[in-house]
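Sequential numbering from 20 applies to the sequence shown in my numbering.
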Amino acid sequence: MNKRQTLKTFAAALALSLGLAAPVAAQVTIRYAHVGSEGDIQYWYAEEFAKRVEKGTEGRVKVQVFPNSQLGGASETVDGVRSGAIPLAHHEFASLSRLMPDIAAFAAPFVYRDGTHAMAATDPASSEIMKEMSDKLVKQANIRIIGRLYRGARQMTAKMAVYSPADLKDKRFRGVPLQLWTTMIKGMGAVPTPVEVGELPTALMTGMVIGQENPLTMINANKLYEVQTHVMLTGHMQNVLPVFINERTWQSIPEKDRAIVAAVAAEVGEETLKLGLEAEVQLIDELKKKGMTFVTEKEGLKVDEFRKSVGAQVTADFPTWAPITARIAAVK
20 MNKRQTLKTF AAALALSLGL AAPVAAQVTI RYAHVGSEGD IQYWYAEEFA
70 KRVEKGTEGR VKVQVFPNSQ LGGASETVDG VRSGAIPLAH HEFASLSRLM
120 PDIAAFAAPF VYRDGTHAMA ATDPASSEIM KEMSDKLVKQ ANIRIIGRLY
170 RGARQMTAKM AVYSPADLKD KRFRGVPLQL WTTMIKGMGA VPTPVEVGEL
220 PTALMTGMVI GQENPLTMIN ANKLYEVQTH VMLTGHMQNV LPVFINERTW
270 QSIPEKDRAI VAAVAAEVGE ETLKLGLEAE VQLIDELKKK GMTFVTEKEG
320 LKVDEFRKSV GAQVTADFPT WAPITARIAA VK
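Here you go:
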């Protein structure tokens, strides 16, 4: 081999070795579970979050969304994120109470002034009480809250008009299968009957329960107008949902990309507030056209009676919440 050939061979070998040694951008694929159906704001949030995370990280972080309870209901979702079997999810704050009871205070009925207040109080980047709760959740359950989304105010529906807690006496009313909902439905005067969201239309159709409560977006998306006749605009909860991730999964994402994921969660979350407030106005007319009758304070709905009755039951069942709800109320 002559000198020129030797140099060419050496150069080729060097290029090959450098190519093999060149760093390859790490890719992280994260499964994201939730119980929402298409048409619900939470469904839109997860899809939009996944798209923007992949774009923002230039493909280094990919999110695969599993909606419609594909990976299980509330309990399975929370347990899955804690163990890491489900890396990422969103659900009610009360669903996390199995791991840290006091965090359900962020879902307490009548705790927020409006949707804007709810989003401010639950912002993991700026709300001191939310940051404290998330840090405790990391230590106690290996779960971190990285964002939140707004679905709108929760309203009551039934197969009849309801004006006060007295109208629900001895009637079976659906609640999310969590203690807070059992407390709230009891405070509303009804018999609490836990039903998973996937079984709700059947439970309403068969008369297992006479009513339920959810944001108007969910009522419309799940076609509950086919099995319910009346909507009571109690606005008893500003339905804001935490987005939470397994801590080991979070730490497996490079720091630069974690910042991008958190920024996307905040950005899309703020957009759900705008969507939710707009949808609440539009859906009243839409649901009226689909045959539902709306009952407001103008028609005799006694929201203050519900607030007082539910508040008394929450205080009785969750006596440690007072300092937390006071701090939530103080958020500007």
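Yeah, the Cβ is synthetic: ideal placement off N, Cα and C, and Gly gets one too.
Secondary structure of Gln83 (DSSP, three-state): strand. His110 carries a coil assignment under DSSP once its states are collapsed to helix, strand and coil.
Partner residues in the beta bridge of Thr212, as assigned by DSSP, are Arg193.
Secondary structure within the region 270-295: not one fully enclosed beta strand (DSSP E) run of 3 or more consecutive residues is present.
With a contact defined as Cβ atoms closer than 8 Å, Leu118 and Arg101 qualify at about 7 Å.
Shown here for Gln46: same chain residues with a beta carbon closer than 8 Å to its own, the five before and five after excluded, namely Gly78, Arg79, Val80 and Lys81 in chain order. Per the C-alpha coordinates, the member of Met227, Ala185, Lys307 and Gly99 positioned closest to Tyr244 is Lys307. A straight-line Cα-Cα distance of about 16 Å links Gly55 and Phe263.
Counting along the chain, Asn265 sits inside the beta strand (DSSP E) bounded by residues His249 to Asn265. Positions of the alpha helix (DSSP H) runs, each at least 4 residues long and wholly inside the region 105-185, are given as 134-140 and 147-160 in order along the chain. For Ala240, the CB contacts under 6 Å within the same chain, skipping 5 residues up- and downstream, are Ser56, Gly58 and Asp59 in chain order. The alpha-carbon of Gln198 is positioned some 34 Å away from that of Lys70. One Cα belongs to Lys309, the other to Pro273, and the distance between them is close to 49 Å. Annotated three-state conformation of Thr268 is helix, per DSSP. Here Asn241 carries a coil assignment [DSSP, helix/strand/coil]. Membership of Ile49 in the beta strand (DSSP E) is indicated by the continuous run Val47 to Ala52. Counting other Cβ atoms within 10 Å of its Cβ, Glu111 reaches 16 or more and is therefore classed as buried. By alpha-carbon distance to Asn258, the top candidate from Gly103, Arg50 and His109 is His109. The way I'd put it, the region 230-238 doesn't touch the region 147-156; fewer than three beta-carbon pairs between them come closer than 8 Å.
DSSP places Phe313 within a strand segment (E or B) once states are collapsed to three.
Judged by DSSP secondary structure, Glu232 falls within the beta strand (DSSP E) whose first and last residues are Gly230 to Pro234. Taking each of Gly319, Pro261, Lys190 and Val210 in turn and checking the Cα distance to Thr253, the smallest one comes out for Gly319. Assignment of Asp59 by DSSP, reduced to helix, strand and coil, places it in the coil class.
In the structure shown, the three-state DSSP call for Gly226 is coil.
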